[in-house]
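In my numbering, the protein residues as written are 6 to 308.
Even glycine gets a Cβ: it sits at the ideal position worked out from N, Cα and C.
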Amino acid sequence: MADLSVKICGIDFKNPIIPASGVFGYGREYEELFPLSKLGGIATKGTTLHRRTGNLSPRIAETPSGMLNSVGLQNPGIDHFIECDLPYLLTKDVTILANIAGSTPEECAIAAEKLECTDVHMIELNISCPNVKQGGAAFGTNCDMASEVTHRVRQATSKPLIVKLSPNVTSITDIAKAVEDAGADAVSLINTLLGMRIDINTGRPVLRNNVGGMSGPAVLPVAVRMVWQTANAVKIPVIGMGGVSSGADAIEMMMAGASAVQVGAAIFTDPFAPVRIIEEMNKFLDDKGISSVNEIIGAVKPW
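The structure is reproduced here in structure tokens:
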């Protein structure tokens with residue numbers, strides 16, 4: 006069998022497959038299906054400083070080859086996560102990425118500071134959230150705001166810091182370089198694309214929030230393009246995600262330059278998707294006579 010292990014920011018992953026934040030909760034439900042130790046890592050449900058109830062329903066909708074969501078970061082808050090969920094996860098022999106978010110840079114920094122005293126392996130900062138101090142514009146859509154929130158979180162923690170980037174921007178590489186300069190140890194991308202569907206019988210948007218984040222197979226080409234561009238623009242590791250539903254998709258993402266791959270919407274249609282993808286990747290590497298998955302990172306040969 007090929008060696009699937011990777012190292013990101015000095016942290017070892019037994020394989021490069023990580024269930025993405027928001028699709029895997031805190032892992033408890035999925036352990037009924039397979040041992041969490043089979044995974045390379047787990048990106049936890051996006052967690053904020055205080056408990057959030059999320060948006061009103063309906064907040065999930067199907068799209069052609071994908072889905073829309075506007076869940077609204079429903080979560081029990083960082084203190085509950087640290088007290089009740091993290092201890093459980095840390096017993097599962099898997100690398101834990103604690104995903105955090107907030108409405109202000111201060112909230113994000115305080116959440117990171119609270120995690121500093123724990124044994125969590127890495128922090129993933131979601132900058133697709135609206136910055137209430139800047140009129141509700143998402144942190145990740147502006148270089149200055151992305152830099153500011155990254156800098157504040159960087160000051161609050163010595164943990165390896167991954168910044169999760171929004172694709173709803175003019176230049177993903179400008180944002181990536183801004184957070185790299187502000188102290189990010191790695192970037193993960195892409196978060197969901199902003200989308201909308203309308204019920205033609207009622208004339209109302211399908212989602213109560215009107216718009217939501219689009220994910221699923223339809224976004225894969227956009228994600229691969231952005232991962233490739235970003236991997237060639239920054240010196241820090243890139244974790245790819247967006248539309249990955251097979252081992253071939255994950256291989257493609259790593260050839261574009263990703264050091265690891267997160268799996269999101271695919272888990273809703275196939276709860277075993279992460280484990281299946283790991284097996285499919287291993288078969289591909291064995292069939293090609295490739296001894297280590299690290300050999301394919303950035304292996305694409307542009308024309």
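In this structure, what does DSSP give as the bridge partners for residue i?
i: M246; result: Q267
i: M219; result: L73 and L198
i: P210; result: I203
i: A48; result: L102
i: A143; result: P135
i: V192; result: V168 and V243
i: D8; result: S297
i: N80; result: R57
Give me the residue from the options with the minimum Cα distance to residue i.
i: T53; options: Q160, P24, N196 and P110; result: P110
i: A265; options: I23, G15, I16 and V229; result: I23
i: G242; options: A263, N104 and V227; result: In the sequence as displayed, the identity of residue 242 is Pro instead of Gly. Measuring from the Cα of P242, the nearest candidate turns out to be A263.
i: D98; options: I47, I105, C89 and H55; result: I47
i: V28; options: G82, T274 and P69; result: T274
i: Y35; options: T100, H55, F277 and V239; result: F277
i: L78; options: N104, D90 and S70; result: N104
i: P40; options: T96, P63, K288 and M259; result: T96
i: T123; options: P307, L94 and M150; result: L94
i: K19; options: R213, P307 and S297; result: S297
i: E121; options: P135, S108, L102 and D291; result: L102
i: G45; options: S220, I16 and P63; result: I16
i: S62; options: I283, M260, G245 and V216; result: V216
i: D8; options: I295, P307 and K306; result: I295
i: M127; options: K43, A161, L166 and I87; result: L166
i: A255; options: R281, K240 and V239; result: R281
i: E185; options: V239, D90, K138 and V11; result: V239
i: I115; options: K12, K138 and T162; result: T162
i: P21; options: P222, N60 and E257; result: E257
i: R33; options: T68, C89, H55 and P69; result: C89
i: M259; options: F289, N299 and N206; result: N299
i: E129; options: K169, G218 and F289; result: K169
i: T68; options: K138, C148, S250 and I203; result: I203
i: P92; options: R64, A106, S108 and T49; result: T49
i: G247; options: W308, Q267 and C148; result: Q267
i: E153; options: G245, N173, S108 and K164; result: S108
Along the beta strand (DSSP E) that carries residue i, what are the first and last residues, could you check?
i: E129; result: M127 to N131
i: F18; result: I16 to F18
i: L290; result: Taken as a continuous stretch (DSSP letters only), L290 belongs to no beta strand (DSSP E), being part of the alpha helix (DSSP H) at A278 to K293.
i: L166; result: L166 to K169
Got a sec, what are the start and stop residues for the alpha helix (DSSP H) residue i sits in?
i: T68; result: Not the alpha helix (DSSP H): T68 falls in the beta strand (DSSP E), residues I65 to T68.
i: V28; result: No alpha helix (DSSP H) holds V28; DSSP gives it neither H nor E.
i: V11; result: That residue, V11, is in no alpha helix (DSSP H); its beta strand (DSSP E) goes V11 to I13.
i: L38; result: It is not in any alpha helix (DSSP H) - L38 carries neither H nor E in the DSSP assignment.
i: Q234; result: L225 to A236
i: S152; result: C148 to A161
i: I256; result: G252 to M260
i: P110; result: P110 to E121
i: L5; result: As shown, the chain starts at 6 and ends at 308. That puts residue 5 outside it, with no answer to give.
i: T178; result: I177 to D186
State the CB to CB distance for the pair residue i and residue j, rounded to an integer number of angstroms; the pair is presumed to be in contact (CB under 8 Å).
i: C113; j: R157; result: 6 Å
i: S133; j: S171; result: 4 Å
i: G269; j: A25; result: 4 Å
i: M6; j: N287; result: 6 Å
i: R159; j: G188; result: 3 Å
i: M150; j: N131; result: With a Cβ gap of about 13 Å, M150 and N131 do not count as contacting.
i: A66; j: L212; result: 6 Å
i: P222; j: S70; result: 5 Å
i: A183; j: C148; result: 4 Å
Pairing CB atoms from the region 216-233 with CB atoms from the region 181-195, are three or more of them under 8 Å? With the cut-off at 8 Å, the region 216-233 and the region 181-195 touch.
Check whether the region 135-145 and the region 82-89 touch, using three or more Cβ-Cβ pairs below 8 Å as the test. No, because fewer than three Cβ pairs between the region 135-145 and the region 82-89 fall closer than 8 Å, the two stretches do not touch.
Per the contact definition of three or more C-beta pairs closer than 8 Å, is the region 166-181 in contact with the region 235-250? As far as the Cβ criterion goes, the region 235-250 touches the region 166-181, which means the pair count is three or higher.
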